[in-house]
Amino acid sequence: MSTRCDAAIVAEYGTAPKWESWPTPVPGPGEALVRFEAAGLNPVDLAIGAGRFYLPLPAPPYVAGAEAVGTIVSSVRWAPGTRVWSLSPVGRFSELFVARDDELIAVPGGVDPKIAAAMGIAGLAGWSPIVTRGGLSPGERVLVLGASGIVGQVAIQTARARGAGHIVAVARSMDGQTRARACGAHVACGLSDAEIAASTGEGIDLIVDTLWGSPAMSALGLLSSSGRLVQIGSAAAQSADLVAGPLRGRRIDIRGFSVFSEPFDEMATQYPALCEAAQRGEIAIGIDAIDVRDIADAWSAQAQQSSGRKFVLVAE
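Taking my numbering, the leading residue of the sequence shown gets 1, the next gets one more, and so forth.
So this is what it looks like as structure tokens:
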């Protein structure tokens with residue numbers, strides 16, 4: 001095997017990666033060598049590339065990519081040719097990458113690699129706040145803040161499939177609200193307090209929050225007793241003024257979610273279940289496949305993303 005392969009290299013923080021030659025990674029004990037097939041391009045990749053992330057950052061130059069779907073080249077644990085999904089803050093946008101054997105998850109048979117890639121970080125961020133962290137029960141009422149993006153779309157469809165009694169989708173644009181209704185939201189509205197309050201009616205049991213800031217604080221006031229807010233993003237603000245009393249008086253829970261902090265055993269159960277739901281058509285999102293060699297252009301497009309479609313890098 002050649003000592004070099006091609007990969008998406010971030011030369012310095014704040015610059016887009018370039019597809020160029022890089023030393024081929026060599027697996028050590030307990031590690032697998034994986035050949036890249038597809039990968040979701042995510043906001044977290046851009047945040048790391050800008051030098052802004054809450055986990056320790058790699059020193060440039062480094063190989064970009066927090067997730068990828070690929071096939072096993074060599075491994076003690078996995079048979080060659082097995083399709084797997086791999087999660088790591090960096091290192092996945094490469095023709096060949098190395099991952100720990102015990103941190104790989106098999107992609108269910110028959111699932112298209114582009115769908116498997118799209119259901120990774122973004123898919124789980126919409127699925128798990130409903131299924132596991134949110135613990136939705138049939139008939140409960142759900143509010144999704146930031147519903148027009150991929151995470152919000154998956155959350156709406158998951159809530160619908162899991163028997164939510166009423167789903168309110170909050171999105172800034174009319175196009176986003178239209179997308180949310182197409183995903184199964186019973187009501188879609190804008191970000192103003194009045195619109196959200198008018199749309200929730202009898203109160204809310206579960207909030208899926210991709211925004212934080214004032215929208216989340218307003219929504220907290222609409223939670224029923226023993227309601228839950230699952231916090232998964234901060235598109236509106238990094239901080240918020242939170243009044244303590246209602247949390248105690250109504251026994252409200254605020255729960256965080258990140259794929260990077262979830263127990264691996266939990267993800268190893270939920271990721272295949274999500275892929276299978278997508279294969280059945282229960283979860284469907286628009287996917288734009290982009291040749292991974294065009295990573296610089298894809299990076300710029302992701303920075304301006306507003307279409308509600310998922311960018312998936314593919315090996316052509």
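Even for Gly, the Cβ is constructed at its ideal location relative to N, Cα and C.
Distance CB(residue i)-CB(residue j) smaller than 8 Å
i             : j              : result
glycine 227   : isoleucine 252 : yes
cysteine 33   : valine 73      : It is leucine, not cysteine, that sits at residue 33 in the sequence shown. Cβ distance < 8 Å, so leucine 33 and valine 73 count as in contact.
valine 63     : glycine 91     : yes
serine 86     : leucine 104    : yes
alanine 244   : serine 214     : no
alanine 182   : alanine 169    : no
aspartate 291 : valine 314     : yes
aspartate 45  : tryptophan 22  : no
leucine 136   : leucine 223    : no
Residue i, enclosing alpha helix (DSSP H) - first and last residue
i              : result
glycine 152    : 150-161
valine 259     : Here valine 259 belongs to no alpha helix (DSSP H), and DSSP marks it neither H nor E.
aspartate 101  : Segment: none, aspartate 101 is in no alpha helix (DSSP H) and carries neither H nor E.
leucine 242    : Here leucine 242 belongs to no alpha helix (DSSP H), and DSSP marks it neither H nor E.
isoleucine 121 : 121-131
Exposure label - residue i; buried when at least 16 CB within 10 Å
i                 : result
arginine 77       : exposed
valine 26         : exposed
threonine 3       : exposed
methionine 267    : buried
serine 239        : exposed
leucine 211       : buried
arginine 141      : buried
phenylalanine 264 : exposed
leucine 143       : buried
glycine 134       : buried
aspartate 175     : exposed
Beta-bridge partners of residue i, as assigned by DSSP
i            : result
arginine 4   : Pro23
threonine 71 : Arg35 and Arg83
valine 76    : Answer is none; valine 76 lacks a bridge partner.
Whole-Å CB distance - residue i paired with residue j, under 8 Å assumed
i              : j                : result
proline 129    : valine 230       : 4 Å
cysteine 125   : phenylalanine 93 : The identity of residue 125 in the sequence shown is alanine, whereas the question assumes cysteine. Contact flag wrong, Cβ pair sits at about 19 Å.
arginine 179   : glycine 281      : Contact doesn't hold; Cβ gap of about 17 Å is too wide.
proline 17     : isoleucine 295   : 5 Å
isoleucine 283 : threonine 158    : 7 Å
Beta strand (DSSP E) segment containing residue i, residue limits
i             : result
arginine 228  : 223-231
glutamate 195 : Looking at the DSSP string, glutamate 195 is not in any beta strand (DSSP E); the run it does join, the alpha helix (DSSP H), is 193-200.
arginine 83   : 83-87
leucine 143   : 141-145
leucine 206   : 204-209
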